[in-house]
Amino acid sequence: MMDGNWQRNFALMALFAGVFLLSADLAEARRGGGRAAGVSRSGPASSGSVRSEKRETMRDVRSERHDVKKDVREEKRDTHRDRHDNKRDVRHDIRDDRRDFREDVYRDRSRVRAARAISATAFRNLSCRSEIIVVGNVTYYRCGSNWFQKAYHEGDVTYVIVTTPSGY
Amino acid sequence: MHISRSSFMATFLMLLAMCFAPPGFAENVDEDAVLVLKKATSAIAGAEKFKVTTEFGFDVLQEDGQKLEFGARQETTIMRPGKARVSFNRRDGFNGGILFDGKQIVVFNPAEKAYAIEPFEGDIDAAFNHLTSELGIPMPLNDFFSNDPASALAAKLDSGYVVGESTIAGVLCDHLALRNEEVDFQVWIARGETPLPHRIVITYKNEDGQPQFWAQFIEWNLSPEIPSKLFNFNPPEGSEEIPFAVVDPVAADEGGQP
């Protein structure tokens, strides 16, 4: 009897899990998963303005998604390194982001205004399984050594890289 | 030669009006095109409040050279001079809205459980400008929704002419071909008693692939019933306020650290 209940409960849990995963897949498919995940969805014509948009646009989401995946892969390799190396990686990543950001600034004479953002990077989705951490009133999403925060970019809800909150 | 006091006053008032008149259309915009544009912009500007439903699409050039079209259906409600609400349903399922009540701008997306608030005082023209230039939020068609659409369009057009009559969704329109250095701009404006825009096509001719933006004005309502709470914002339960990640050229000029 106990075994029967356990099997039924397990089957129900598997069904719920399946529905959940299917829902997630459908949501991803609607936005475009797989190959479609690399598609650019905005450009000069998306403004609908009689003047062409001349201001800087952030780097292409496609290449950024690729970069995040690469970062995550690198982070997985880093997990066996010691704490000191990990801290160094964090500082290194932040320096890289700042350098990339400054390059964008000098190339395009523009910058992200959100005070906490340290990179001109805006991701539509996080490719990794992020850890959600609330510090004060701010919700952070941690992927490896990168900390993200939700922010509006060009009308989309995106994730931007921010500095590691103090104490972490 | 005797000049009457009344004719002197009339001349004086005319000169005064010319001094304070808004900038007109460029010389190379043909008179008949100006006439059609002025009828349309007067009809829009004359409405203290209106609601318009539009369907729009735009090309996005991909790295491999293929052009893909994306778009949305949008409902815009304006209450002059300082209230606006834009609700949109994007084809990819991303839905949301923009609210301006004269004191703050709110961008919200209930499904994403996210919203952002920017305190801002002014009229809708200033708010639209702030949204596009400071917050990086696209506001398609906002020239038509301006408090002064004639000036908004006149400032951006270098030349234009009437191509001829053309029927859009069963409505007989004047088809106008307009240009500036950056875009070719076509607009179809209804003939008759309600000379409102029914379609536009913008070609970004200097951009790679010459992408286009098009919009169909599906329904104009120049005397809508607007509930006062339409411009209020109450964050849905469980939603989170997030910041804007935007381009700030002024800050960039200062060369500060992010």
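First to last, the protein sequences are chains A and B.
Taking our numbering, I'd label the letters of the first sequence as residues 1 to 168.
Taking our numbering, I'd label the letters of the second sequence as residues 1 to 258.
Don't be surprised by glycine CBs; every beta carbon is placed ideally from N, CA and C.
Exercise for the section: Counting only the same chain and skipping the five closest in sequence on each side, list residues whose C-beta sits under 6 angstroms from that of P236 (chain B). Expected result: Taking the second sequence and counting its residues from 1, one reaches residue 236 (chain B) at position 236. Excluding positions up to five away in sequence, the list reads P110.
Handout entry: Residue from A:Y152, A:G155, A:V138 and A:A151 whose Cα sits closest to the Cα of S166 (chain A)
Key = By 1-based counting over the first sequence, the position of residue 166 (chain A) is 166. The candidate whose alpha carbon is nearest that of S166 (chain A) is A:V138.
Problem - Uninterrupted beta strand (DSSP E) stretches inside the segment 30-84 of chain B (no shorter than 3 residues) - result: Runs of the beta strand (DSSP E) inside the segment 30-84 of chain B: 49-61 and 67-79.
Handout entry: Per DSSP, cross-strand counterpart(s) of C173 (chain B)
Key = Along the second sequence, read from residue 1 onward, the residue named residue 173 (chain B) stands at position 173. Partner(s): B:S166 and B:A190.
Handout entry: Residues of its chain near H198 (chain B), where Cβ-Cβ distance is below 8 angstroms and the 5 sequence neighbours each way are ignored
Key = Position 198 of the second sequence, counting from 1, holds the residue named residue 198 (chain B). Spatial neighbours of H198 (chain B) in its own chain (CB-CB distance under 8 angstroms, excluding positions within 5 residues in sequence) are listed in chain order as I168, A169, V171, C173, W188, I189, A190, Q216 and F217.
Practice task
For chain A, find out if any of its Cβ atoms is closer than 9 angstroms to the Cβ of A53 (chain B); answer yes or no.
Solution key: For the purposes of this step, residue 53 (chain B) is taken as residue 53 along the second sequence, with counting starting at 1. Before going on, a small fix: residue 53 (chain B) reads as Thr here, not Ala. Chain A contact via Cβ: absent.
Handout entry: Beta-carbon proximity list for S49 (chain A), same chain, < 6 angstroms, skipping 5 on both sides
Key = Looking up residue 49 (chain A) in the first sequence gives position 49. There are no such residues.
Exercise for the section: Would you tell me roughly how many angstroms separate the C-alpha atoms of A116 (chain B) and I44 (chain B), rounded to the nearest one? Expected result: By one-based count along the second sequence, residue 116 (chain B) stands at place 116. By one-based count along the second sequence, residue 44 (chain B) stands at place 44. Those two C-alpha atoms are separated by around 30 angstroms.
Practice task
Mind reading off the beta-carbon distance from A33 (chain B) to Y161 (chain B)? Whole number of angstroms is fine, and I expect it under 8 angstroms.
Solution key: Position 33 of the second sequence, counted from the first residue, corresponds to residue 33 (chain B). Position 161 of the second sequence, counted from the first residue, corresponds to residue 161 (chain B). Contact between A33 (chain B) and Y161 (chain B) is confirmed by a C-beta separation of about 5 angstroms, below the 8 angstroms threshold.
Practice task
Check each candidate in A:V157, A:Q149 and A:I133 and name the one with the smallest Cα separation from Y168 (chain A).
Solution key: The residue given as residue 168 (chain A) occupies position 168 in the first sequence. Ranking A:V157, A:Q149 and A:I133 by Cα distance to Y168 (chain A) puts A:I133 first.
Practice task
Please determine if the segment 36-53 of chain B and the segment 88-103 of chain B are in contact, where contact requires at least 3 C-beta pairs separated by less than 8 angstroms.
Solution key: No: the two stretches stay apart, fewer than three of their Cβ pairs being nearer than 8 angstroms.
Handout entry: Euclidean distance between Cα positions of V39 (chain A) and E193 (chain B)
Key = Here residue 39 (chain A) refers to the residue found at position 39 when the first sequence is read from its first residue. Here residue 193 (chain B) refers to the residue found at position 193 when the second sequence is read from its first residue. Roughly 44 angstroms between the two C-alpha positions.
Practice task
Return the residues of the segment 184-210 of chain B that lie within a Cβ-Cβ distance of less than 7 angstroms from chain A, sorted by chain order.
Solution key: Within the segment 184-210 of chain B, the residues whose Cβ lies closer than 7 angstroms to any Cβ of chain A are, in chain order, F185, I202, Y204, N206 and E207.
Practice task
Compute the Euclidean distance between the alpha carbons of T158 (chain A) and N125 (chain A), then round it to the nearest angstrom.
Solution key: Locating residue 158 (chain A) in the first sequence gives position 158, where the first residue counts as 1. Locating residue 125 (chain A) in the first sequence gives position 125, where the first residue counts as 1. If you take the alpha carbons of T158 (chain A) and N125 (chain A), they lie about 7 angstroms apart.
Problem - 9 angstroms Cβ cutoff met for L37 (chain B) and A177 (chain B) - result: The sequence position of residue 37 (chain B) within the second sequence is 37, counting from 1. The sequence position of residue 177 (chain B) within the second sequence is 177, counting from 1. Not a contact, by the Cβ cut-off of 9 angstroms.
Exercise for the section: Check A122 (chain A) in the structure and name its three-state DSSP category. Expected result: On the first sequence, position 122 is the one that residue 122 (chain A) refers to. Reduced to three states, the DSSP call for A122 (chain A) is coil.
Problem - Residue-level contact to chain A via CB, T263 (chain B), 9 angstroms cutoff - result: This structure does not reach residue 263 (chain B), given that chain B is present from 1 up to 258, and the question cannot be answered.
Practice task
Return the bridge partner residues of P119 (chain B) from the DSSP annotation.
Solution key: Start at 1 with the first residue of the second sequence, and residue 119 (chain B) comes out as number 119. Checking the DSSP bridge columns, you'll see P119 (chain B) partnered with B:Q104.
Exercise for the section: Would you check if the distance between the CB atom of A154 (chain B) and the CB atom of A40 (chain B) is smaller than 9 angstroms? Expected result: As a first step, residue 154 (chain B) must be located in the second sequence, where it is residue number 154. As a first step, residue 40 (chain B) must be located in the second sequence, where it is residue number 40. Taking 9 angstroms as the Cβ cut-off, A154 (chain B) and A40 (chain B) do not qualify as a contacting pair.
Practice task
Starting from the beta carbon of S42 (chain A), find every residue of chain B whose beta carbon is closer than 9 angstroms, and list them in chain order.
Solution key: As a working mapping, residue 42 (chain A) is identified with position 42 in the first sequence. The answer, in chain order, is F58, V60, F70 and P138.
Exercise for the section: With DSSP as the reference, please indicate the residues paired to H130 (chain B) in a beta bridge. Expected result: What you label residue 130 (chain B) is simply residue 130 of the second sequence in a count that begins at 1. Its beta-bridge partners do not exist; DSSP assigns none.
Problem - chain B residues whose Cβ lies nearer than 8 angstroms to that of E154 (chain A) - result: The count along the first sequence starts at 1 and reaches residue 154 (chain A) at position 154. Those are G136, I137 and P138, listed as they occur along chain B.
Exercise for the section: Under 7 angstroms Cβ to Cβ from D156 (chain A), same chain only, skipping five residues before and after it: list those, please. Expected result: For this step, residue 156 (chain A) is matched to residue 156 along the first sequence. Cβ neighbours of D156 (chain A) beyond the five flanking positions: R124.
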